[in-house]
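Quick note on my numbering: the sequence shown kicks off at 275 and runs consecutively. Heads up: the structure comes next, in structure tokens.
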Amino acid sequence: MPISSEFATNPGLFEAVVNLCKRRGFVFPSAEIYGGIRSTYDYGPLGALMLRNVREAWWRAMIQERDDVVPIDAAILTNPKVWEASGHLATFTDPLVDCRNCKERWRADQIEDACPNCGSKDLTEARPFNLMFKTYVGPVEAESSVAYLRPETAQGMFVNFLNVLTTMRRKPPFGIAQIGRAFRNEITPGNFVFRTREFELMELEFFVPPEDGPRWYEYWCQQRLAWYTRYGIASEKLRLRPHEEEELSHYSAGTTDVEFAFPWGWGELEGIANRTDFDLRAHQESSGTSLEYFDQATGESYLPHVIEPAAGATRAMMAFLLAAYDEDEIGGERRAVLRLHPRLAPYQVAVLPLSKKDTLATLSREVLHRLQRHFMCEFDETQSIGRRYRRQDEIGTPYCVTIDFESLEDQQVTVRDRDSTNQTRLPIEGVVEHLLGRFDS
Ligand code: GAP
């Protein structure tokens with residue numbers, strides 16, 4: 275599979291980013307002191323900050339900057355009838371084979387005719403394996419109390435379609451958006467946080483008059499591609515790939531993936547699906563509640579069609595990290611730098627007093643508090659200023675603000691830019707405004 279030349283010439287990229295994530299507190303193996311649990315990760319301080327920024331960047335583009343999308347936050351556990359109607363109970367499956375020799379399980383569509391673990395060709399027939407996690411609601415573990423952890427957030431939006439329509443006085447075209455955890459009992463998770471059993475989804479269900487479905491589908495493909503470039507991924511590392519007929523999910527009349535050039539090849543970041551009226555119709559039939567929209571202008575009722583851009587927040591974070599990782603040389607010294615978009619970086623500003631001496635403490639804290647009202651800041655007064663700059667470069671902090679002894683006299687500070695390493699002397703009064711001006715997207 276062809277991948278961008280940069281990745282082809284940088285085979286150590288994946289390892290470098292995974293190591294950085296562990297070393298600098300982005301991502302830890304879950305419950306590491308107990309030996310972890312396979313392919314499950316905890317987001318450390320910097321990961322929690324960055325993941326929040328990824329969510330916010332999505333929220334800004336999909337909700338805040340639009341007047342036709344509203345958010346909801348639906349429950350993870352819901353009535354199992356939802357999953358019956360949506361088709362997930364019957365068809366949300368992967369084909370599974372067992373190796374009779376070493377007892378490992380594999381996805382039939384991901385292996386050739388031999389077990390990747392022991393090489394045996396003694397494999398069982400493929401059989402469907404449902405990816406939903408099953409649990410029990412209440413104290414009795416009976417069939418009547420079975421519930422499922424949601425494998426997608428989408429259904430929470432379909433079953434609330436009427437509630438939103440009436441309480442928000444909306445009419446198609448309009449969208450409902452949601453960010454939240456989803457759970458899938460993946461048979462072969464892996465590639466760090468690319469495929470995990472618990473992950474975060476950012477989904478929009480955009481309800482449109484049926485005849486407008488194809489137009490909105492095209493529109494959302496372009497919008498979603500543009501979101502990744504807006505937040506710093508070079509366009510040559512992205513592509514749109516329409517699904518072949520046989521790849522389509524059970525609900526989809528057409529799907530296009532936004533793909534990223536991962537170190538191992540092109541991989542899905544997000545799917546934009548034309549779900550037609552599949553879900554609203556299924557829930558209407560199953561619940562007995564009409565989910566049609568009555569169009570007063572035409573006097574007709576119809577079931578809206580749905581265009582769904584569905585993105586993984588955790589997977590997007592990984593792509594942003596891979597795309598941002600760089601190594602260069604500053605003053606003859608090698609540095610690792612994350613060229614993250616300022617809005618995605620865990621910290622936007624590092625406040626660095628040149629010396630730990632008490633004389634600088636009051637002014638430094640004053641500058642810190644001034645900046646903290648607008649930006650996520652790190653305060654660091656240890657080690658040489660050069661090493662502190664390198665540390666901030668490595669975690670992607672776009673700006674360092676340095677307070678030195680002259681600052682006490684002239685009430686000015688030095689602002690250092692991560693990418694160019696240029697330094698600008700600015701009055702403390704104007705620093706917030708100066709930095710805000712650089713966060714315009
Ligand atoms: N409602 C549609 C839906 O959930 P999907 O293609 O199954 O669509 C959407 O998932 C996105 O969620 C994917 O493009 C991917 O970014 C992310 N995703 C899916 N499974 C994942 C997993 N096991 N681990 C991490 N991210 C995952």
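For glycine and all other residues, C-beta sits at the position ideal for the given N, C-alpha and C. From a predicted model like this one, the values you see are computed outputs, not experimental measurements.
Asked	Found
Only counting the same chain, and skipping five residues up and downstream in sequence, which positions put a Cβ closer than 6 Å to that of residue 382?	369, 371, 400
Verify the contact flag: residue 661, CB atom, against every heavy atom of the ligand GAP, threshold strictly below 6 Å.	no
Just confirm the distance between the C-beta atoms of residue 628 and residue 637, as a whole number of angstroms; I'd bet it's less than 8 Å.	In fact, because the Cβ distance is near 11 Å, the residues do not count as touching under 8 Å.
How far does the beta strand (DSSP E) with residue 535 in it extend, from its first residue to its last?	529 to 536
Under 7 Å, do residue 376 and residue 353 count as touching if we go by C-beta distance?	no
Taking its Cβ as the centre, do 16 or more other Cβ atoms sit within 10 Å of residue 683, making it buried, or is it exposed?	exposed
Quick check on residue 557: buried or exposed, where buried means 16 or more other Cβ atoms within 10 Å of its Cβ?	buried
Determine which residues share a DSSP beta bridge with residue 547 and list them.	529, 582
Going by DSSP in three states, residue 701 sits in which element: helix, strand or coil?	strand
Quick one: is residue 594 near chain E, going by C-beta distance under 7 Å?	Absence of chain E from the displayed structure is noted, only one protein chain being present.
Which residues mark the beginning and the end of the beta strand (DSSP E) in which residue 450 is found?	448 to 457
Assuming the contact rule is C-beta atoms closer than 8 Å, residue 576 and residue 483 should be a hit. Round their C-beta distance to whole Å, please.	7 Å
May I ask you to check if the CB of residue 545 is nearer than 6 Å to at least one heavy atom of the ligand GAP?	yes
Report the residue from 692, 670, 686, 711 whose alpha carbon sits nearest the alpha carbon of residue 323.	670
Is residue 589 near the ligand GAP, with its Cβ less than 6 Å from a heavy atom?	yes
In whole angstroms, give me the CA-to-CA distance for residue 290 and residue 311.	22 Å
Taking only runs that begin and end inside the stretch 549 to 632, name each unbroken beta strand (DSSP E) of 3 or more residues, in chain order.	567 to 569, 574 to 576, 579 to 586, 599 to 604, 607 to 612, 623 to 627
Sort 536, 696, 611 by Cα distance to residue 665 and report the nearest one.	611
Can you tell me which of 471, 704, 386, 527 puts its alpha carbon nearest to the alpha carbon of residue 545?	527
In terms of residues, what are the limits of the beta strand (DSSP E) holding residue 365?	Element bounds for residue 365: not the beta strand (DSSP E) but the alpha helix (DSSP H), 362 to 365.
May I ask which residues mark the beginning and end of the alpha helix (DSSP H) holding residue 647?	Premise fails: residue 647 is in no alpha helix (DSSP H) and is neither H nor E.
Provide the residue span of the beta strand (DSSP E) that contains residue 397, from first to last.	Per DSSP, residue 397 belongs to no beta strand (DSSP E) and is neither H nor E.
Is residue 695 closer than 7 Å to residue 689 when the C-beta atoms are compared?	no
Under three-state DSSP, which class holds residue 503?	helix
Starting from residue 316 and walking both ways along the beta strand (DSSP E), at which residues does that stretch end?	315 to 317
Report whether the distance from the Cβ of residue 481 to the nearest heavy atom of the ligand GAP is below 6 Å.	no
Is any heavy atom of the ligand GAP found at a distance shorter than 6 Å from the C-beta of residue 399?	no
Between residue 608 and the ligand GAP, is there a pair consisting of the residue's CB and a ligand heavy atom that are separated by less than 6 Å?	no
Quick check: what's the CA-CA separation for residue 644 versus residue 685?	14 Å
Put residue 385 into one of helix, strand or coil per three-state DSSP.	coil
Applying the 10 Å Cβ sphere with the 16-neighbour rule, what's the burial state of residue 679?	exposed
Of the residues 632, 649, 625, which one's Cα is nearest the Cα of residue 662?	625
Assess, as a yes-or-no matter, whether the stretch 585 to 601 is touched by the stretch 534 to 541 under the definition of 3 or more beta carbon pairs within less than 8 Å.	yes
Is it the case that the Cβ atoms of residue 622 and residue 653 are separated by a distance below 7 Å?	no
Find out if the Cβ-Cβ distance for the pair residue 351, residue 416 is shorter than 7 Å.	no
I'd like to know whether the C-beta atoms of residue 524 and residue 299 end up nearer to each other than 7 Å.	no
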